[in-house]
Every structure is written in structure tokens, then in C-alpha cells.
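Visitor:
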């Protein structure tokens, strides 16, 4: 039995999925001031764009392999490619939207670079359901 099939049967998300989801949750906490620390390394993009969400991160250039693994560097692309609908009032709603939008990749062993395009029908349903709960 393939690894992805075993994950699906046990209803366990893949390591790639868990890591990327965790990174997105940590960035949400930093950008929405849930953590009361001064995170100088996480900088919001100051450019005025009309697409996406208001919590886009500034992308830094790094030449060091160790620095490439910092949260502010490795998760910048993923965070910036999230849809504008991720501006949610609470962390739990944000988690629910991520889980619904990324549900088809939950058991995938592929690198998470492909996770950023949501299934719009699934996302619309989850957004309306979560807004009714809030």
C-alpha cells in the first residue's frame, strides 16, 4: 500500500501539509498581533496592491541556507499567495478556511507549492458557514 493511501486510510495529513499549515497559522498569529512580541523579521509589504489580502509579507533576499529556513523566509510565498478571503476575525475561522481550501492536498506527498490555489466552490461554502457561526 502506498504511503498516501495509508495516510488517507488513517485520516492523517502528510508531513508537507502539516508543516505548511503550521507555518500559515504562525504567520497569522504574528500578523494579527496574537503574539505580543516584536517580530522584526516578519515585515509586511508596504506596496499598494489591489489584489490579495492586506497581510502580504515583504520578500527578502537571502544568501544563507540557514536563513532560508526561517519562518519569515520559507513561508512568505505561501502566505502571499493566499486568497483575500483569509482576512478572518479569528484564528479558528482561518484554520477552517485553510483546511477546506486545501482538503484535496491533505494526504499528498508533493511539496506544498501547489497548495495555494483553492477549490473555489469548497472555499465559498466554508466561508459562508464560518461567517454564520461568527
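Numbering (the numbering used here), first residue to last: 357 to 490.
Here a beta-carbon is modelled for each residue, glycine too, at the ideal position from N, C-alpha and C.
(1) Roughly how many angstroms separate the alpha carbons of residue 384 and residue 376, rounded to a whole number?
(2) Please state the DSSP three-state secondary structure of residue 438.
(3) Can you check whether the CB of residue 446 is closer than 8 angstroms to the CB of residue 398?
(4) Specify, as a first and last residue, the run of the alpha helix (DSSP H) that residue 375 falls within.
(5) By Cβ distance below 6 angstroms, which residues in the same chain neighbour residue 415 in space, the five residues on each side in sequence not counted?
(6) Leaving out the 5 sequence neighbours to the left and right, which residues in its chain are closer than 6 angstroms to residue 435 when beta-carbon positions are compared?
(7) Could you round the C-beta distance between residue 430 and residue 424 to whole angstroms and report it? I think they count as a contact, below 8 angstroms.
Guide: In short, the structure shows the following:
(1) As a first step, residue 384 must be located in the chain shown, where it is residue number 28. As a first step, residue 376 must be located in the chain shown, where it is residue number 20. The alpha-carbon atoms of residue 384 and residue 376 are separated by roughly 12 angstroms.
(2) Within the chain shown, numbered from 1, the residue matching residue 438 stands at position 82. The three-state secondary structure of residue 438, taken from DSSP, is coil.
(3) Position 42 of the chain shown, counted from the first residue, corresponds to residue 398. Position 90 of the chain shown, counted from the first residue, corresponds to residue 446. In this structure, the beta-carbon distance from residue 398 to residue 446 does not fall below 8 angstroms.
(4) Counted from its first residue, the chain shown places residue 375 at position 19. Bounds of the alpha helix (DSSP H) holding residue 375 are 371 to 387.
(5) Counting from 1 along the chain shown, the entry for residue 415 is found at position 59. Closer than 6 angstroms at the Cβ level, and outside the excluded window around residue 415, lie 432.
(6) Taking the chain shown and counting its residues from 1, the one referred to as residue 435 is at position 79. The beta carbon of residue 435 sits closer than 6 angstroms to those of 383 and 413, all from its chain and outside the five residues before and after it, given in chain order.
(7) Position 74 of the chain shown holds residue 430. Position 68 of the chain shown holds residue 424. Right, their Cβ atoms sit about 7 angstroms apart.
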